Amino acid sequence: MRLRVVDLETTGGDRTAEIIEVGIVDVVPDGEGWKALPPVTRLFRPRGEISVHAMAVHHLTPDDFSPDDPHCDEYALREMFAEPADVMVAHSVGFERGFIADTAHGGLPWLCTVRSAKAVWPQAPGHSNQVLRYWRQLKLDPALANPAHRAGPDAWVTAHLLIDLLKEATVEQMIQWTREPRRLDKIPFGKHRGSRWAEAPADYLRWMAGQTDMDADVVAAARQELERRTAGSTGALANVTDAG
Numbered sequence: 000m001r002l003r004v005v006d007l008e009t010t011g012g013d014r015t016a017e018i019i020e021v022g023i024v025d026v027v028p029d030g031e032g033w034k035a036l037p038p039v040t041r042l043f044r045p046r047g048e049i050s051v052h053a054m055a056v057h058h059l060t061p062d063d064f065s066p067d068d069p070h071c072d073e074y075a076l077r078e079m080f081a082e083p084a085d086v087m088v089a090h091s092v093g094f095e096r097g098f099i100a101d102t103a104h105g106g107l108p109w110l111c112t113v114r115s116a117k118a119v120w121p122q123a124p125g126h127s128n129q130v131l132r133y134w135r136q137l138k139l140d141p142a143l144a145n146p147a148h149r150a151g152p153d154a155w156v157t158a159h160l161l162i163d164l165l166k167e168a169t170v171e172q173m174i175q176w177t178r179e180p181r182r183l184d185k186i187p188f189g190k191h192r193g194s195r196w197a198e199a200p201a202d203y204l205r206w207m208a209g210q211t212d213m214d215a216d217v218v219a220a221a222r223q224e225l226e227r228r229t230a231g232s233t234g235a236l237a238n239v240t241d242a243g
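Here's what the structure looks like:
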């Protein structure tokens, strides 16, 4: 089995941004355990501007690209993913999956190391790549693991977090955790931000449940709360009918 860890750096934070760096680290069986293969990275010249906020994170500027660097498109990604793999892995797959079409990697399942880490290590002080790296005391070669927020080093760190997670959970378990909606105890944004779902007005929940461009986990949480209320109302009505 080959688990393909991928990390992207982009020109900005929304889905209109361009990919400007891709890092790949494949994780493969090694005796009784797993090992990370050497990282593969590539720069892609942007067609548009790199936002200042993005530059402040990954420190890639226009000066880092040459006229010979290609632009990133699905064909370029297919070339990078040409070696067959079985699973795509990312630290918070929502970001990478939003930029990488299924057709670029053959529709492989995704495994999220953030969700897996939250399931395996709920007591961790945080679940970002770098927090987990130091909390788990991973002994990584600085030449490969640094600097943070570059595609190759971030993929290297994620690959070793994945190897650590594989001591506690199976690939299949982690894929399942990735597919399940993440648990949201409180509403994460909007006028009811910070409120528990049970406290939100029904019309607000119905509005959220009907959105098609909202975070899928938020939509799932709103629908779950509406279903809970419906089930509760049905149960209460049944009790009244039985009593009559």
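Numbering (numbering that gives the first Met the number 0), first residue to last: 0 to 243.
Even for Gly, the Cβ is constructed at its ideal location relative to N, Cα and C.
All values reported here derive from a predicted model rather than from experimental measurement.
Rounded straight-line distance, which links the Cα of residue j to that of residue i
| i | j | result |
| --- | --- | --- |
| Val-217 | His-191 | 13 Å |
| Gly-125 | Arg-178 | 21 Å |
| Ala-201 | Asp-13 | 30 Å |
| Glu-8 | Ala-55 | 12 Å |
| Glu-31 | Lys-138 | 19 Å |
| Arg-222 | Lys-117 | 23 Å |
| Ala-53 | Gly-11 | 5 Å |
| Lys-166 | Pro-83 | 24 Å |
| Ile-49 | Pro-66 | 16 Å |
| Arg-245 | Asp-212 | Because the chain in this structure spans residues 0 to 243, residue 245 falls outside the shown range and cannot be described. |
| Val-26 | Asp-63 | 29 Å |
| Arg-183 | Ile-99 | Per the sequence shown, the amino acid found at residue 183 is Leu instead of Arg. Answer to the nearest angstrom: the Cα atoms are 26 Å apart. |
| Pro-187 | Leu-36 | 38 Å |
| Gly-189 | Asp-101 | 31 Å |
| Tyr-267 | Val-119 | For the chain, the structure presents residues 0 to 243; residue 267 sits outside this window and is missing. |
| Pro-108 | Asp-29 | 22 Å |
| Trp-33 | Leu-131 | 19 Å |
| Pro-121 | Ala-168 | 14 Å |
| Arg-1 | Asp-85 | 5 Å |
| Gly-105 | Val-88 | 14 Å |
| Glu-95 | Leu-110 | 11 Å |
| Gly-231 | Ala-215 | 24 Å |
| Phe-43 | Ser-127 | 25 Å |
| Gly-209 | Glu-226 | 14 Å |
| Ala-81 | Glu-171 | 23 Å |
Cβ shell of residue i (< 8 Å), same chain only, five flanking positions each side left out
| i | result |
| --- | --- |
| Glu-224 | Trp-196, Ala-197, Ala-199 and Leu-204 |
| Met-244 | There is no way to answer for residue 244, as the model of the chain reaches only from 0 to 243. |
| Thr-60 | Ile-49 and Met-54 |
| Gly-97 | Arg-14 |
Classification of residue i by the beta-carbon crowding that lies within 10 angstroms, buried from 16 upward
| i | result |
| --- | --- |
| Met-207 | buried |
| Arg-46 | exposed |
| Val-4 | buried |
| Ala-103 | buried |
| His-58 | exposed |
| Val-92 | buried |
| Val-51 | exposed |
Cβ shell of residue i (< 6 Å), same chain only, five flanking positions each side left out
| i | result |
| --- | --- |
| Thr-112 | His-90, Thr-157, Leu-160 and Leu-161 |
| Ser-115 | Leu-164, Met-173 and Trp-176 |
| Gln-129 | Ala-147 |
| Asp-6 | Gly-22, Ala-150, Asp-153 and Ala-154 |
| Ala-272 | One cannot answer for residue 272 here, as it falls past the ends of the chain, which runs 0 to 243. |
| Ala-288 | This structure cannot settle anything about residue 288, because the visible part of the chain is limited to 0 through 243. |
| Leu-143 | Trp-155 |
| Gly-193 | Lys-185 |
Residues of its chain near residue i, where Cβ-Cβ distance is below 7 Å and the 5 sequence neighbours each way are ignored
| i | result |
| --- | --- |
| Asn-145 | Pro-152 |
| Glu-17 | Thr-9, Thr-10, Pro-45, Arg-46, Gly-47 and Cys-71 |
| Arg-77 | Ala-103 |
Quiz item: Where in the segment 57–94 do unbroken runs of the alpha helix (DSSP H), each at least 4 residues long, occur, reported from the N-terminal end onward?
Solution: 73–79
Quiz prompt | Contact the segment 137–153 vs the segment 65–81: 3+ CB pairs below 8 Å | solution = no
Practice problem: Can you check the segment 108–170 for any beta strand (DSSP E) of at least 3 residues that lies completely inside it and give the ranges in chain order? | Solution: 109–111
Exercise. Run through the segment 168–235 for me and flag every whole beta strand (DSSP E) of 3 or more residues, listed as ranges in chain order.
Key: none
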